[in-house]
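*Asks:*
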Amino acid sequence: MTDDCLFCKIASGKIPAQIVYEDDQLLSFEDVNPQAPFHVLIIPRRHISTLNDVQEGDAALLGGLITRAAQIAKEHGHAQDGYRTVFNCNRGAGQSVFHIHLHLLAGRNMTWPPG
Ligand code: AMP
Numbered sequence: 812m813t814d815d816c817l818f819c820k821i822a823s824g825k826i827p828a829q830i831v832y833e834d835d836q837l838l839s840f841e842d843v844n845p846q847a848p849f850h851v852l853i854i855p856r857r858h859i860s861t862l863n864d865v866q867e868g869d870a871a872l873l874g875g876l877i878t879r880a881a882q883i884a885k886e887h888g889h890a891q892d893g894y895r896t897v898f899n900c901n902r903g904a905g906q907s908v909f910h911i912h913l914h915l916l917a918g919r920n921m922t923w924p925p926g
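Numbering (the numbering used here), first residue to last: 812 to 926.
1. What does DSSP give as the partner residue(s) for Pro855 in the beta ladder?
2. Less than 8 angstroms between the CB atoms is what I'm expecting for His910 and Ser860, so what's the real figure, rounded?
3. In angstroms, rounded to a whole number, what distance separates the CA positions of Cys816 and Trp923?
4. Helix, strand or coil: which one does DSSP assign to Phe849?
5. Which word fits Ser823, buried or exposed, when buried means at least 16 other C-beta atoms lie within 10 angstroms of its C-beta?
6. Less than 7 angstroms between C-beta atoms, sequence neighbours within five positions excluded: which residues of the same chain meet that for Gln836?
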């Protein structure tokens, strides 16, 4: 827990969010500024600022975020049409909240390359 971290506050319940999944390791909630009809974030409860700060011992945690994203996509009916998962790392890639989070976007056609 980092006192000034927005997503730590969501993880601890100090700031409300529309939670779609949670367990002892991670949680998922709706993005407040959705970029697709379905847009949720999957975060670890433990504070990790960016992907640059991930250690080898975090592999299972990171894998858990990805497998949970796939499960949520399936549960919400997006597995067949498809979805996009994104980690933005640092400001140049668009990261604005410095607690790692996996974006899961679905419900519209996606273009490539991303902006
Ligand atoms: P990024 O730009 O990759 O760091 O993504 C941060 C995301 O967090 C953005 O898509 C924001 O819309 C989202 N966001 C910011 N504040 C909140 C909040 N209080 N609840 C839910 N999502 C948020």
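All C-beta atoms, glycine included, are put in the ideal place defined by N, C-alpha and C.
*Replies:* Looking at the atomic coordinates:
1. According to DSSP, Pro855 bridges with Leu837.
2. Correct: roughly 7 angstroms between the Cβ atoms.
3. The straight-line gap from Cα to Cα measures roughly 31 angstroms.
4. Of the three classes helix, strand and coil, the one that applies to Phe849 here is strand, per DSSP.
5. When all chains shown are included, Ser823 counts as exposed.
6. A distance below 7 angstroms between beta-carbons, with the five flanking residues on each side excluded, links Gln836 to the following residues of its chain, in chain order: Pro855, Arg856, Leu872, Gly875.
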